[in-house]
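To convert, note that position 159 of the sequence shown is 159 in this note's numbering; the numbers rise steadily by one, no gaps.
Beta carbons: idealized from backbone N, C-alpha and C, even for Gly.
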Amino acid sequence: MSQSPRSSLDAFWMPFSANRQFKSKPRMMVSAKGMYYQSDDGRQILDGTAGLWCSNAGHGRSEISAAVSRQIDQLDFAPTFQMGHPLAFELANRLVDMSPPGLDHVFFTNSGSEAVDTALKIALAYHKAKGDSGRTRLIGREKGYHGTGFGGISVGGLVNNRRSFGPLLAGVDHLKHAWTAGSEFTQGLPLHGADLADELEGMIALHGGETIAAVIVEPIVGSGGVWMPPVGYLERLRAITQQHGIVLIFDEVITGYGRIGDAFAATRFGVTPDIITSAKGLTNGAIPMGAVFVADFMHQAFMQGPEQIIELFHGYTYSGHPVAAAAGLATLDIYAAEGLFNKAYELGDYFQAQLHSLAEFDVLKDIRNFGLVGALEFKPGAQFGARGYQVFEHCFWQGNALVRCTGDTIAVSPPLILSKEHIDELIGALRAAVKTLY
Ligand code: PLP
């Protein structure tokens, strides 16, 4: 495959990729099982990123493929607009059983981006349904990644994802990045910075709380570089939003389904928002699907008018797709049978100790971790992002390990089926890369 003529790689415009760089030296995966990918040159590559934060139960799960192929045979597609099929209801019930109390309703999407845009639209429509239509302002946060829909990039806080796409949604503000200098190399949650949530009070004073529809944050910032919430920060956001009738949305597309222990970060942190967005781990990445959890009191606001009227003019052809629902149910079965939502509790300390053992290298600016997600941030080299990419490439070609780079940060988020030996192998690949390169 690496010998392919360049033209054969041209047609696929790859997402979030340096296309020309990739195509000059492709990194191709051809199969996967358990904790490992196999590359087209026959190497076993340790999956240090659960694919793209999604294959939490590891790869090649026959329970999922069997459920998917059974479902395609039995019912390949059925609409969910004014029609139904049992699996979508069954999956929604299963999900509600594991969501924080009060988040009793599920709206299905096909991706995290759609989940985010759905959540923002539900928040806006909820206020309107209550007759509170002055609430139209949305608040995101610097460094936030909420997918690539226009809603998601508007509330998102990553400049490269925003700068080329015009004026975006009007009436959006951003909270400051929730991190304070001096928190470098903290193990787990930073102790300082909860007061950064108070900036929301300032926005309320500036705009009037009655104009603000929703605040959206990732409990742990993922794609923006893996940043943990300071102790008490999410609690503070919850208290302020509650006091002012503002919908709080946790974007759990990465933290959902066991990444930090428990099904959701909301549970692990003991802070219940009004909406949770999820995707990725919902189906172990095997079939695209997202799920938005909505508080019962919000849902009720929609269920007041004449019964023959559609309550929310929103949805996707594939919302609750039967094959995706089958994959979701099989995935949840695996998570339960193998206790995978406990893995971050069981292995979190070991993962933390191993990751922080890399602090010996002077080239590192910071190490961050919580549960089974971690990050190494490198001091900038000659060019921003160069070190991150070098380490990523070294891990892939020499270390036989897949890690993820964003700028000069390397993120790791291995499948939850891992053992201590896999952690050693992953950290070993990173250590070798840093030792060799710097
Ligand atoms: N929200 C968060 C927090 C994410 O990390 C992602 C993807 O990484 C998304 C939304 C978008 O998900 P998708 O790529 O499935 O559209």
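Check, Outcome
"Check whether the Cβ of Leu376 lies closer than 9 Å to any Cβ atom in chain C.", "Included in the structure is just one protein chain, with no chain C present."
"Counting only the same chain and skipping the five closest in sequence on each side, list residues whose C-beta sits under 6 Å from that of Cys54.", "Lys280, Gly281 and Gly285"
"Which runs of the alpha helix (DSSP H), 4 residues or longer, sit entirely within the segment 240-318?", "265-269 and 296-302"
"Closer than 6 Å by C-beta to Val217: which residues in its own chain qualify, once you throw out the five before and the five after it? Chain order, please.", "Arg141"
"Taking three-plus beta-carbon pairs below 8 Å as touching, is the segment 204-213 in contact with the segment 183-191?", "no"
"Can you tell me where the beta strand (DSSP E) holding Ile64 begins and where it ends?", "Here Ile64 belongs to no beta strand (DSSP E); instead the alpha helix (DSSP H) covers Ser62 to Gln74."
"Can you tell which of Arg135, Phe165, Gly320 and Trp179 has its C-alpha closest to the C-alpha of Ala213?", "Arg135"
"Quick check on DSSP: helix, strand or coil for Asp47?", "strand"
"Any heavy atom of the ligand PLP inside 8 Å of the beta-carbon of Pro288?", "yes"
"Under the criterion of a Cβ to heavy atom distance below 8 Å, does Val292 qualify as lining the ligand PLP?", "no"
"For Arg404, name the three-state secondary structure that DSSP assigns.", "strand"
"Which same chain residues end up closer than 7 Å to Tyr345 when comparing Cβ atoms and leaving out the 5 residues on each side of it in sequence?", "Gly261"
"Please go through the segment 11-45 and give each complete beta strand (DSSP E) segment of 3 or more residues, from N-terminal end onward.", "29-33 and 36-39"
"Taking Lys143 as part of the beta strand (DSSP E), name the residues at either end of that continuous run.", "First-last for Lys143: undefined, no H or E at that position."
"From which residue to which residue does the alpha helix (DSSP H) around Gly388 run?", "Ala386 to Trp397"
"Thinking Pro414 and Asp47 are a contact (beta carbons under 8 Å), I'd like their distance in whole angstroms, please.", "7 Å"
"Give the range of the alpha helix (DSSP H) segment to which Leu168 is assigned.", "It is not in any alpha helix (DSSP H) - Leu168 carries neither H nor E in the DSSP assignment."
"So the beta strand (DSSP E) Ala214 belongs to, where does it begin and stop?", "Ile212 to Val217"
"With a threshold of 16 other CB atoms inside 10 Å of the CB of Gly339, please say whether the residue is buried or exposed.", "exposed"
"Per DSSP, what are the beta-bridge partners of Thr186 in this structure?", "None; Thr186 has no bridge partner."
"Here's a check: name, in chain order, each residue in its chain whose Cβ is nearer than 6 Å to the Cβ of His105, leaving out the five neighbours to either side.", "Val294 and His299"
"What do you reckon, are the CB atoms on Leu430 and Cys395 nearer than 9 Å?", "yes"
"Go ahead and label Ala18 buried or exposed: buried means 16 or more other beta carbons lie within 10 angstroms of its beta carbon, across all protein chains shown.", "exposed"
"Given a threshold of 16 other Cβ atoms within 10 Å of its Cβ, counted over all protein chains shown, does Gln71 qualify as buried or as exposed?", "buried"
"Can you find the residues in the same chain that come closer than 8 Å, C-beta to C-beta, to Lys176, ignoring five residues on each side of it along the sequence?", "Arg141, Glu142, Leu196 and Glu199"
"Taking the straight line between their C-alpha atoms, what separation do you get for Gly407 and Tyr389?", "8 Å"
"Could you say which of Asn93, Gly193, Arg238 and Ile334 lies nearest to Ile64 if we only look at CA atoms?", "Ile334"
"Can you list, in chain order, the residues of its chain with a C-beta nearer than 6 Å to that of Tyr318? Leave out the 5 residues immediately preceding and following it.", "Asn110"
"Nearest-angstrom Cα distance between Gly328 and His85?", "15 Å"
"Determine which residues share a DSSP beta bridge with Asn369 and list them.", "Gly374"
"With distances taken Cα to Cα, identify the nearest neighbour of Phe81 among Ile309, Asp173 and Gly149.", "Ile309"
"Is the CB-CB distance between Pro132 and Glu252 below 9 Å?", "First, the amino acid is wrong: residue 132 is Asp here, not Pro. Not a contact, by the Cβ cut-off of 9 Å."
"Are there any heavy atoms of the ligand PLP lying less than 8 Å away from the beta-carbon of Ile254, as far as the coordinates show?", "yes"
"When DSSP labels each residue in this structure, what does Asp195 get in the three-state scheme?", "helix"
"What residue range does the alpha helix (DSSP H) around Ile427 cover?", "Lys420 to Leu437"
"Assuming Ala411 is part of the alpha helix (DSSP H), what are its boundary residues?", "Careful: Ala411 lies outside any alpha helix (DSSP H), inside the beta strand (DSSP E) at Thr409 to Val412."
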